[in-house]
Amino acid sequence: MSPTAALLFADLLGVAVFAASGASAAVVKRLDLFGVCFVGFVAALGGGIIRDLVVNQAPPLAFDDWRYAVVAALTAVAVFFFHPHLARLRRVVLVLDAAGLALFTVTGTLVALRAGVPPVGACLLGMIAAIGGGVARDLLLREIPVVLRREIYAVASLAGAVVVMALYRGDLTGWPMVGAGVLVFAIRIVALRRNWNGEPAP
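For the record, in the sequence shown the residue sitting at position 37 is 37 according to UniProt numbering, with numbers rising by one throughout.
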């Protein structure tokens, strides 16, 4: 698989995971089919649209490549109809969100680096791409965005983005990038299980 094809696959997988996360959260709020699909779309495509606009990808891939919309739509519809089979939906949302965070951290940082964004900016853009969809999802559902809570969320993404940047500059692509994604996912899941939180202002 070529690097371009691998990046597309990871991006679409991230779309599917975040669409499932958004749709699952909307199901918890008891929205109808349109509402579930809309929240799924926003969660899946929001971060990528921000990323593409920053790197002057016009139109953004979410609008230029039909596969993005189709993957998001099919995933959201599937969640709407099959969610009764998902036990403990809240836990499912958290795991899917962690997976989406990991995937979009890697793809967002790589897209930025390939577009010529300097290393620090690329890391920040990778983080923004990863958290953007989740922020939009939470705002639509009238929740405090997880990134603004005390949970370890954006920090996990930023750590992964730094690893991706270092690997890219060292010409270590392919499986090492998978490791960067696993790192983000692991940090987020361990933080949830062990209740790691940042300290609030005194």
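Each residue gets a CB set at the ideal place from its N, CA and C atoms; glycine is no exception.
Burial state of residue i, where buried means 16 or more other Cβ atoms lie within 10 Å
{"i": "I50", "result": "buried"}
{"i": "D64", "result": "exposed"}
{"i": "D138", "result": "buried"}
{"i": "V190", "result": "exposed"}
{"i": "L53", "result": "exposed"}
{"i": "T4", "result": "exposed"}
{"i": "A188", "result": "The residue asked about is misnamed: residue 188 is Arg in this sequence, not Ala. With 16 or more Cβ atoms within 10 Å of its Cβ, R188 is classed as buried."}
{"i": "G174", "result": "exposed"}
{"i": "F34", "result": "exposed"}
{"i": "G116", "result": "exposed"}
{"i": "S2", "result": "exposed"}
{"i": "A146", "result": "A quick correction: the sequence has Val, not Ala, at residue 146. V146 is buried by the Cβ-count criterion."}
Spatial distance of residue i from residue j (CA atoms)
{"i": "A122", "j": "L158", "result": "10 angstroms"}
{"i": "R67", "j": "A16", "result": "11 angstroms"}
{"i": "A156", "j": "I131", "result": "11 angstroms"}
{"i": "V178", "j": "V164", "result": "9 angstroms"}
{"i": "A10", "j": "V55", "result": "18 angstroms"}
{"i": "T109", "j": "L124", "result": "8 angstroms"}
{"i": "V111", "j": "T75", "result": "24 angstroms"}
Identity of the residue in the options nearest residue i by Cα
{"i": "G100", "options": "R194, G160, D32 and L167", "result": "G160"}
{"i": "A154", "options": "A62, D52 and A102", "result": "A102"}
{"i": "R149", "options": "G198, W175, V164 and I187", "result": "G198"}
{"i": "G46", "options": "A26, T109 and F18", "result": "F18"}
{"i": "V42", "options": "F34, R30, G22 and A58", "result": "G22"}
{"i": "V95", "options": "G134, C37 and L141", "result": "G134"}
{"i": "P84", "options": "L183, T75, D32 and V27", "result": "V27"}
Proximity test, residue i beta-carbon vs the ligand COA heavy atom, cut-off 7 angstroms
{"i": "P118", "result": "No copy of the ligand COA occurs in the structure displayed, which carries no ligand at all."}
Limits of the unbroken alpha helix (DSSP H) element including residue i
{"i": "T4", "result": "P3 to V28"}
{"i": "V55", "result": "Segment: none, V55 is in no alpha helix (DSSP H) and carries neither H nor E."}
{"i": "T75", "result": "W66 to F82"}
{"i": "R193", "result": "W175 to R193"}
Minimum Cβ-Cβ distance from residue i to chain D less than 8 angstroms
{"i": "L148", "result": "Protein chain content of the structure displayed is limited to a single chain, and chain D is not contained in it."}
Restricting to runs no shorter than 4 residues, where is the alpha helix (DSSP H) found entirely within the UniProt domain "Glycine transporter" (95-168)?
Within the UniProt domain "Glycine transporter" (95-168), the complete alpha helix (DSSP H) runs of at least 4 residues are 119-140.
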